[in-house]
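Participant:
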Amino acid sequence: MDLIVARDRADLRKARGDGPVALVPTMGALHEGHRSLIRDARARAAQVVVSIFVNPLQFGPHEDFSRYPRTFDADLAVCAAEGADVVFAPSAEDMYAPDRQVSLRSGEMGRIVEGAARPGHFDGMLTVVLKLFNLVQPDLAVFGQKDAQQLAMIRRMVADLDLDIEIIGAPTVREPDGLALSSRNRYLSAADRQVALALSRALAAGAAQGAAPKILGAARSVLDAAAPALDLDYLVLVDPSTFAEVGESYSGAAVLAVAARVGATRLIDNVVVSVGG
Ligand code: AMP
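Note that the sequence shown covers residues 5 to 281 in the working numbering.
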């Protein structure tokens, strides 16, 4: 079947078939990580909708909204190649009326870790994801573990607002040398890219340790060695569902998450580690 491009709710209604619908929300500039999400959705549902929308609400005033990569034609080719049925690409004007008033608050969980570094980011993200859920009305939605706090916040929203949508978390796709794929990697110079490898190397060094302080220490020393070219924003070991930092005696699964600036580019990455035990 040919790929359908839907611009609004009426287009989406017309395109809807029988059977379960899976939604893969993206901001475009699609890469192998997005492809894996689309494939995961394809395996689970009769119809796959990929949304492409660079959401102004989730960017801070000094962030990269205006220069965020936009590669719509190439993105359509990726969606077609991966067997998506519908690309939902609304305009910002359609999504946000100038006189709009009501939006979501992500709560305390939206103000820690990545939320502390990017005030308002998770409020904007949850608001657009809820709008996409309401427009597309999917049975399930697939998100990447790459944005671990985003995934945790969406699960929280589904629980707190009683949404009848199954949330699937998909593993992070990496380059052979460990760099997590990101639409922002295209900003990196060759030299930046070498520096950026410290993120995944630090996470791997941490994951090889046992107790929380050792995990953080091992990861930290890899990151310190890459300074000042790598400007660390945070390195934390957190509970996977609340993103609260775990104590020194914690045992169980945790997320080791890092954010750093390399050149003008801010990168995030994380791994799930098994602590203590
Ligand atoms: P974005 O277009 O960056 O907003 O990402 C759209 C979706 O793709 C989100 O659920 C991300 O977590 C996911 N994603 C981004 N990069 C990767 C990756 N390297 N591996 C797996 N999923 C990813």
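C-beta: ideal position from N, C-alpha, C; glycine also. Treat the numbers as computed from the prediction; the structure is a model and nothing was measured.
When the Cα of D98 is compared with those of A84, K18, K135 and F147, which residue comes out closest?
Facilitator: K135
Participant: Taking the alpha-carbon of Q149 as reference, which of I171, N138 and T75 has the nearest alpha-carbon?
Facilitator: Considering only alpha carbons, the answer is I171.
Participant: What does the Cβ neighbour count give for A263, buried or exposed, with the cut at 16 atoms within 10 Å?
Facilitator: buried
Participant: The alpha helix (DSSP H) that contains E97, what's its start and end?
Facilitator: A96 to M99
Participant: If you reduce the DSSP assignment to three classes, tell me which class R258 lands in.
Facilitator: In the sequence as presented, Arg is not what sits at residue 258; that position holds Ala. Looking at A258 - three-state DSSP - the assignment turns out to be strand.
Participant: Alpha carbon to alpha carbon, what distance is there between G23 and G32?
Facilitator: One C-alpha to the other measures close to 26 Å.
Participant: Going by other Cβ atoms of all chains shown within 10 Å of its Cβ, with 16 needed for buried, is Q154 buried or exposed?
Facilitator: buried
Participant: Check this for me: beta carbons of D273 and L227, under 8 Å apart or not?
Facilitator: no
Participant: At a threshold of 7 Å, does P29 count as lining ligand 1 (C-beta to nearest heavy atom)?
Facilitator: yes
Participant: With respect to the beta strand (DSSP E) encompassing T269, which residues constitute its N-terminal and C-terminal limits?
Facilitator: T269 to V279
Participant: Going by alpha carbons, who is nearest to L139 out of V54, A81 and R122?
Facilitator: V54
Participant: Excluding the 5 residues flanking L183 on each side, which residues of the same chain have their C-beta closer than 8 Å to its C-beta?
Facilitator: N189, R197, A200, L201, L203 and S204
Participant: Look up E118 in the DSSP assignment and give the residues it is bridged to.
Facilitator: E118 is not bridged to any residue.
Participant: With three or more C-beta pairs closer than 8 Å as the rule, is the stretch 65-83 touching the stretch 100-118?
Facilitator: no
Participant: When you compare each of P65, T269 and T131 to A325 by their alpha carbons, which one comes out closest?
Facilitator: Because residue 325 is not part of the residues shown, which for the chain are 5 to 281, the question remains open.
Participant: Using beta-carbon positions only, say whether D243 and A258 come within less than 8 Å of one another.
Facilitator: yes
Participant: Under 8 Å, do L241 and L260 count as touching if we go by C-beta distance?
Facilitator: A contact, by the Cβ cut-off of 8 Å.
Participant: Rounding to the nearest angstrom, what Cα-Cα distance links G128 and Q62 in this structure?
Facilitator: 4 Å
Participant: Please state whether DSSP places L144 in a helix, a strand or coil.
Facilitator: strand
Participant: Starting from the Cα of A215, find the closest Cα among S278, R122 and F92 and give me that residue.
Facilitator: A215 has its Cα closest to that of S278, out of S278, R122 and F92.
Participant: Can you pull the DSSP bridge partners for Q51?
Facilitator: V25
Participant: Report all residues from its chain with a CB closer than 8 Å to the CB of A78; omit the five preceding and five following residues, and keep chain order.
Facilitator: Cβ neighbours of A78 within its own chain (closer than 8 Å, five residues either side excluded): L34.
Participant: Would you identify the three-state DSSP class for F92, choosing helix, strand or coil?
Facilitator: strand
Participant: Kindly indicate which three-state DSSP category L203 falls into: helix, strand or coil?
Facilitator: helix
Participant: Cβ of L185 versus every heavy atom of ligand 1: is any distance shorter than 7 Å?
Facilitator: yes
Participant: Looking at the structure shown, is I158 part of a helix, part of a strand, or coil, going by DSSP?
Facilitator: helix
Participant: How would you write the range of the alpha helix (DSSP H) that V226 sits in, first residue to last?
Facilitator: A216 to A229
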